[in-house]
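The opening position of the sequence shown corresponds to residue 1 in the UniProt record's numbering, with each subsequent residue numbered one higher.
Glycine included, each C-beta is placed from N, C-alpha and C at the ideal position.
From a predicted model like this one, the values you see are computed outputs, not experimental measurements.
Worksheet for the structure shown next.
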Amino acid sequence: MSPPSPDSPDTGTAGTGIRNTGASLELRGIGVNFGGLVALEDVSLAVPAGSVVGVIGPNGAGKTTLFNVVCGFVDPSAGTMTFEGAPFRPRPHQLARRGIVRTLQGVGLFRGLSVLENVMAGATHTSKAGFVSSLFGLPRSDREERRLRTEALELLGEMGVADQAGAYPETLPYAVRKRVALARALVARPRLLLLDEPAGGLSAEDIDELAALVVGLPARENACSVMLVEHHMDLVMKVCTAIVVLDFGRVIASGTPDEIRENPAVTEAYLGAEVSS
Numbered sequence: 001m002s003p004p005s006p007d008s009p010d011t012g013t014a015g016t017g018i019r020n021t022g023a024s025l026e027l028r029g030i031g032v033n034f035g036g037l038v039a040l041e042d043v044s045l046a047v048p049a050g051s052v053v054g055v056i057g058p059n060g061a062g063k064t065t066l067f068n069v070v071c072g073f074v075d076p077s078a079g080t081m082t083f084e085g086a087p088f089r090p091r092p093h094q095l096a097r098r099g100i101v102r103t104l105q106g107v108g109l110f111r112g113l114s115v116l117e118n119v120m121a122g123a124t125h126t127s128k129a130g131f132v133s134s135l136f137g138l139p140r141s142d143r144e145e146r147r148l149r150t151e152a153l154e155l156l157g158e159m160g161v162a163d164q165a166g167a168y169p170e171t172l173p174y175a176v177r178k179r180v181a182l183a184r185a186l187v188a189r190p191r192l193l194l195l196d197e198p199a200g201g202l203s204a205e206d207i208d209e210l211a212a213l214v215v216g217l218p219a220r221e222n223a224c225s226v227m228l229v230e231h232h233m234d235l236v237m238k239v240c241t242a243i244v245v246l247d248f249g250r251v252i253a254s255g256t257p258d259e260i261r262e263n264p265a266v267t268e269a270y271l272g273a274e275v276s277s
């Protein structure tokens, strides 16, 4: 399967095989140059509402640069972006208020705060008072803080780590910290969640459990679309409704996991062998 042309009637986004049915995020013709280096060239993709879209490719393909464009850390030299149908010019400090949250390749939890406090900290932009005020002894709404605490505990329960609410991150296994970081992202009630290598450092069993969590994200009460960058192909193939493949900054293929698995261009550029389901 080769990427369809920009005029293809089967896609609402140029250069991808992903049908745009109410896209949460849409990128068209994104280009990024670092001096004389072309990091991204004419990259177009859509993350439809209620979907999990994976971005894969070999090292240096432009995956992290693409994420940084979406987050506003890198300004594209060409192309446009829309989010929920409106033109989108991202700025890092405004992402959460726009409904976009990104997790880090590591965990990025705060030392000195308990697991529960770490999760509550993720909702500061939605809280009228509560957590931040309580940290500094400022006047606050006890009702709002109780609501936030309850929501954080419920999310820890969803992640299967509610029993660690009072623990400190540095005392916990890495896989548990990853779940806490995911809960902290979700407490912000994102409409688009950007997962940056969420399987990094996890065992095969942990990756299977993570897959079950990610697959369920679009179906949650506070549902969100998901865009993820990942090297672990087992996770990508299990959780993604669509996959975009980058190589040397360009989209070389896109489609369903089955289509990507069978694409010889992908095998040559990145996978190197048939991917098992």
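Inset, instruction - Return the CA-CA distance between residue 252 and residue 148, expressed in angstroms with no decimal places. - result: As the crow flies, the alpha-carbon of residue 252 is around 44 Å from that of residue 148.
Legend entry - Terminal residues of the alpha helix (DSSP H) in which residue 153 lies: Segment 142-158, the alpha helix (DSSP H) holding residue 153.
Inset, instruction - Report buried or exposed for residue 41, applying the criterion of at least 16 other Cβ atoms within 10 angstroms of its Cβ. - result: Buried: at least 16 other Cβ atoms inside 10 Å.
Legend entry - Coarse secondary structure for residue 241, derived from DSSP in three states: In this structure, residue 241 counts as coil in the three-state DSSP scheme.
Inset, instruction - Leaving out five residues on either side along the sequence, give the residues of the same chain with a beta carbon under 8 Å from the beta carbon of residue 170. - result: 111.
Inset, instruction - Keeping to the same chain, check which residues put their C-beta closer than 7 Å to that of residue 211; ignore five residues upstream and five downstream. - result: Contacts found: 235, 238 and 239.
Inset, instruction - Taking only the alpha-carbon atoms, compute the straight-line gap between residue 219 and residue 50 and give it to the nearest angstrom. - result: Cα to Cα, residue 219 sits roughly 7 Å from residue 50.
Legend entry - First and last residue of the uninterrupted beta strand (DSSP E) at residue 229: 225-229 is the span of the beta strand (DSSP E), which, as asked, contains residue 229.
Inset, instruction - Mark residue 65 as exposed unless 16 or more other C-beta atoms lie within 10 angstroms of its C-beta, in which case mark it buried. - result: Per the 10 Å Cβ criterion, buried.
Inset, instruction - Buried or exposed for residue 164, please, with buried defined as at least 16 other CB atoms from any protein chain shown within 10 angstroms of its CB. - result: With at least 16 other beta carbons inside 10 angstroms of its own, residue 164 counts as buried.
Inset, instruction - Locate the beta strand (DSSP E) running through residue 83, then write down its first and last residues. - result: 78-83 is the span of the beta strand (DSSP E), which, as asked, contains residue 83.
Inset, instruction - Check whether the Cβ atoms of residue 52 and residue 244 lie closer than 8 Å to each other. - result: Not in contact: residue 52 and residue 244 (Cβ atoms no closer than 8 Å).
Inset, instruction - Taking only runs that begin and end inside the region 162-208, name each unbroken alpha helix (DSSP H) of 4 or more residues, in chain order. - result: The qualifying runs are 174-186.
Inset, instruction - Determine contact between the region 200-210 and the region 175-190, defined as no fewer than three beta-carbon pairs at a distance below 8 Å. - result: Yes: the two stretches touch, three or more of their Cβ pairs being nearer than 8 Å.
Inset, instruction - Can you say whether residue 189 is buried or exposed, counting buried as having 16 or more other CB atoms within 10 angstroms of its CB? - result: The C-beta of residue 189 has 16 or more other C-beta atoms within 10 Å across all chains shown, which makes the residue buried.
Inset, instruction - State the Cα-Cα distance for the pair residue 56 and residue 142, rounded to the nearest angstrom. - result: Taking the straight line from one Cα to the other gives about 45 Å.
Inset, instruction - Look up residue 217 in the DSSP assignment and give the residues it is bridged to. - result: Answer is none; residue 217 lacks a bridge partner.
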